[in-house]
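Chemist: Numbering follows my numbering, in which position 6 of the sequence shown is assigned residue number 1460; successive positions increment by one, without gaps.
No residue lacks a Cβ here, since even glycine has one placed at the ideal position from N, Cα and C.
To start, I am sharing the structure in question, which I have written as structure tokens.
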Amino acid sequence: MNFKKITLSTAALVALFSLSGCAENTPVVEKVASVAKEKPTLTYPQTKKMPVVDDYFGIKVTDNYRWLEDDMSAETAEWVKAQNKTTYNYLAQIPYRDKIKSRLAALLDYEKVGMPFIEGEYSYFYKNDGLQNQYVLYRQKGDGPAEVFLDPNTFSEDGTVSLGSIEFSEDGSLAVYLISEGGSDWRKARIIDTKTKEVLESELVDIKFSALSWLGNEGFYYSSYDKPKGSELSAKTDQHKLYYHKLGTEQAQDKVVFGGTDAEKHRYVGGEVSKDGKYLFVYASVSTSGNKLFIKDLSKADAPLVTVVGNTNSDTELVSSKGDELLFITNMDAPNKRVVKANALKPTSDNWIDVIAETENVLSVSTGGKYLFAKYMKDAASYIQQYDFSGKLIREINLPEVGTASGFSGKASQTKLYYSFSNQKTPSTIFSLDVSSGESKVHMKSKVNFNSDNFESKQVFYTSKDGTKVPMIITHKKGLTLDGNNPTILYGYGGFNVSLQPRFSSTRAAWLELGGVYAVANLRGGGEYGKKWHNAGTKLKKQNVFDDFIAAAEYLIQEKVTSSDKLAVMGGSNGGLLVGAVMTQRPELFKVALPAVGVLDMLRYHTFTSGAGWAYDYGKSDDNAEMFNYLLGYSPVHNVKAGTEYPATLVTTGDHDDRVVPAHSFKFAAELQAKQAGTNPTLIRIETDAGHGAGTPISKTIDQYADIYGFTLFNMGVKDI
């Protein structure tokens, strides 16, 4: 689940921008009514039924494929093996699959460099020379030569062990970094001396959903759950704990600072130390929305945790601190967020004073060079304002065009900050910003071989079922003929306050070069218009999200951008639920469905890993009869009906996904294969040594997108590329 905030928001791992690029002179797909040859004949593996009956408020629900939830069983492993064999045999018969794969590989092979950030005496940055599976962390001192600091490609031969995040001590002399194996959310921590790059002690293990925060050079705070009994992949993890690790001691001696009591469950807990080391801030949440906030004076022995916010009705986070003066960003009494000033001695909300008041646009904020940077979203696009710490507006930062700007953060001592800018058709450019003059200069342009002048991107507003206006950005080659015959991917998410801002993606650019249209709808449930927009797509209002997505598809067809025979729907995680719901509600509307790592069994999602924390958005089937019936009404696994012709479907998941466990996808694929009418294929592609998406090696990304695009075009009747 691609949650915007699980514990404490950190700038841990630099956003690794887009993974690939495209050249402009590739052939356009030939649009024809029939495929080059007969579609492969499909015989699906037999999936046995072992009915389990659950009683929900007097209603009995049969689960025929509960056995597929056992990720430790040999039977499940054999099922996965048989399904992959069927899927890859089918994909191998797509005549241009290898051509797409070769093209993706060629387009990815260029140097990609991230925004610099300062730690101690060094400037650090991430770089990928081209087709390296993982980005390498470099550093340089002044204008001296850059050197490799950490190379995750050396962590494993196949690139499946990745760097999750890194946190430096305030003076930059120490660092702790997290690694992920096979895409798992469970992490290991390694502590290093940054001068010598020497690992200082035994690695810490079994860390999950954790921010990292140093207390001087003595130790650091991190978060985790107790190791679950049974399957590490799927067993429930329900109580998060904040620990303190003192350097030079064994992990078994680490003290629990907060959490772990049966009296009150907090599923997500994080800790943050103020820059001067005086205060510890503790964040505690029962779900993915809303947090309690506590403060502890570290300068006093045995000082208590003092409550700043004692409920989870809002989100509040530290922006900066100077002695006892604190700045928070909050949506308490401000759905679009505001920045407030507080005093550590009287930190509760009745003493807060607005520094940046709420506006009609959604706010996020960063600091650097002794300034605040207010990053607003207006119809999903960025505009940036620079303030001093008293709340005085200094200037607006001029951006190149409509799009998304990220960055504007750094040390207080910096006179130059960095930010990146991109949109759906414009590759990312990194700019440097002089904080005194406001002058921006190009620091580094993308080296991707893609000519954005050949493409156009426009934002439209369409009307959803209940009359709500919803924005959507549509991108395609210039001069597109609106004849209803354009292969189109409609992408959405619609949940967890996540905003889909316009950004460049080179894998998406590959689709555009093939002559495809790419449309992104900003559905309710997201954060594009603040907390009210988010809440309008949660619990008993979740159908609004699906209605918004269906209306987006109908708009594209009505405007002759595409037709049902040339329309694919795509989404991952909560977006996988979105695809599963709309394809079962309106199967005739789409030709292809691409649900990735989806939450697809809405009656049981909360029984796995930390899934119960998603209940703010979904509700739970055991809450009450009304909530159960609502979930049953749209749960994709429970709404596949025999005798229905569903779109050609390629379900994708990872065998190490311990966030949205692969059993969701397994059961949905089994239901579709058993009940699909007509000749459209229903396949599941299960990536090995892969999780929910983070840290996926570039080699696997190339394979995955070649299969997705090949499957999509082939089932739309495209003859050749």
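Could you spell out the range, first to last residue, of the alpha helix (DSSP H) harbouring residue 1543?
Modeler: It spans 1528-1546 - the alpha helix (DSSP H) in which residue 1543 sits, taken as one unbroken run.
Chemist: Counting only runs of 3+ residues fully inside the region 1999-2037, write out the beta strand (DSSP E) ranges in chain order.
Modeler: As far as the region 1999-2037 is concerned, its whole beta strand (DSSP E) runs of at least 3 residues are 2021-2026.
Chemist: Report buried or exposed for residue 1500, applying the criterion of at least 16 other Cβ atoms within 10 angstroms of its Cβ.
Modeler: Its Cβ having fewer than 16 others within 10 Å, residue 1500 is exposed.
Chemist: Alpha carbon to alpha carbon, how far is residue 1965 from residue 1747? Give it in angstroms, no decimals.
Modeler: Going by the C-alpha atoms only, they are around 44 Å apart.
Chemist: Just to check, is the beta-carbon of residue 1514 closer than 7 Å to a non-hydrogen atom of the ligand HEM?
Modeler: Absent from the structure shown: the ligand HEM. Ligands present: none.
Chemist: Going by C-alpha distance, which of 1652, 1618, 1625 and 1637 is nearest residue 1643?
Modeler: Of the listed residues, the one whose Cα sits closest to residue 1643 is 1618.
Chemist: Where does residue 1887 sit, in a helix, a strand or coil, going by DSSP?
Modeler: Strand, per DSSP.
Chemist: Alpha helix (DSSP H) containing residue 2169: first to last residue?
Modeler: Start and end: 2152-2169.
Chemist: Could you tell me the alpha carbon to alpha carbon distance between residue 1576 and residue 1601, rounded to whole angstroms?
Modeler: When rounded, the distance between both Cα atoms is 11 Å.
Chemist: Put residue 2110 into one of helix, strand or coil per three-state DSSP.
Modeler: Here residue 2110 sits in coil by DSSP.
Chemist: Nearest-angstrom Cα distance between residue 1626 and residue 1648?
Modeler: Near 7 Å, if we compare the C-alpha coordinates of residue 1648 and residue 1626.
Chemist: Going by the beta-carbon positions, is the gap between residue 1641 and residue 1677 smaller than 8 Å?
Modeler: Contact: no.
Chemist: Between the Cα of residue 1616 and those of 1604, 1623 and 1793, spot the shortest distance and give me the residue it belongs to.
Modeler: It is 1604.
Chemist: By DSSP, does residue 1914 sit in helix, in strand, or in coil?
Modeler: Reduced to three states, the DSSP call for residue 1914 is strand.
Chemist: Mapping the DSSP letters down to three states, classify residue 2094 as helix, strand or coil.
Modeler: If DSSP states are grouped into helix, strand and coil, residue 2094 belongs with coil.
Chemist: Could you pull the start and end residues of the alpha helix (DSSP H) that residue 2127 belongs to?
Modeler: Element bounds for residue 2127: 2117-2129.
Chemist: Who does residue 2050 pair with in a DSSP beta bridge?
Modeler: In DSSP, residue 2050 forms a bridge with 2026 and 2106.
Chemist: Can you give me the C-alpha to C-alpha distance between residue 1843 and residue 1824, rounded to a whole angstrom?
Modeler: For residue 1843 and residue 1824, the distance between alpha carbons rounds to 7 Å.
Chemist: So, with DSSP's three-state summary, where would you put residue 1934?
Modeler: Correct three-state label for residue 1934: coil.
Chemist: Do the region 1525-1534 and the region 2085-2101 meet, that is, are 3 or more Cβ pairs less than 8 Å apart?
Modeler: Segments in contact, no.
Chemist: Let me know if residue 1891 comes out buried or exposed under the rule of 16 or more other beta-carbons within 10 Å of its beta-carbon.
Modeler: Per the 10 Å Cβ criterion, exposed.
Chemist: Return the chain-ordered ranges of every beta strand (DSSP E) run that is complete within the region 1925-1976 and spans a minimum of 3 residues.
Modeler: Counting only runs of 3 or more, we get 1942-1945 and 1971-1975.
Chemist: For the region 1722-1734 and the region 1666-1682, state whether three or more C-beta atom pairs, one from each stretch, are separated by less than 8 Å.
Modeler: Cβ pair count under 8 Å is three or more, so yes.
Chemist: Alpha carbon to alpha carbon, how far is residue 1944 from residue 1703?
Modeler: Distance between the alpha carbons of residue 1944 and residue 1703: 52 Å.
Chemist: In the structure shown, what three-state DSSP assignment does residue 2069 receive?
Modeler: Here residue 2069 sits in helix by DSSP.
Chemist: Using only CA atoms, which one of 1517, 2035 and 1690 lies nearest to residue 2027?
Modeler: The option with the nearest alpha carbon to residue 2027 is 2035.
Chemist: Please state whether the Cβ-Cβ distance between residue 1948 and residue 1984 is less than 8 Å.
Modeler: For residue 1948 and residue 1984, no; Cβs fall outside 8 Å.
Chemist: Measuring CB atoms only, is the region 1822-1837 touching the region 1739-1758, in the sense that at least three cross pairs come out at less than 8 Å?
Modeler: Short answer: they don't touch.
Chemist: For the pair the region 2105-2125 and the region 1772-1792, tell me if three or more CB-CB distances fall below 8 Å.
Modeler: Touching, no.
Chemist: How many angstroms separate the CA atom of residue 2154 from the CA atom of residue 1959?
Modeler: Approximately 16 Å, taken between the alpha carbons.
Chemist: Does the Cβ of residue 1537 have 16 or more other Cβ atoms within 10 Å, making it buried, or fewer, making it exposed?
Modeler: That one is buried.
Chemist: In angstroms with no decimal places, state the Cα-to-Cα distance between residue 1939 and residue 1720.
Modeler: About 51 Å.
Chemist: To the nearest whole angstrom, what separates the beta carbons of residue 1976 and residue 1954, a pair I think is in contact under 8 Å?
Modeler: Right, the Cβ-Cβ distance comes to about 6 Å (below 8 Å), so this counts as a contact.
Chemist: Tell me the rounded alpha-carbon separation between residue 2051 and residue 1630.
Modeler: So the alpha carbons of these two residues sit roughly 30 Å apart.
Chemist: In whole angstroms, what separates the C-alpha of residue 1999 from that of residue 1573?
Modeler: The alpha-carbon atoms of residue 1999 and residue 1573 are separated by roughly 42 Å.
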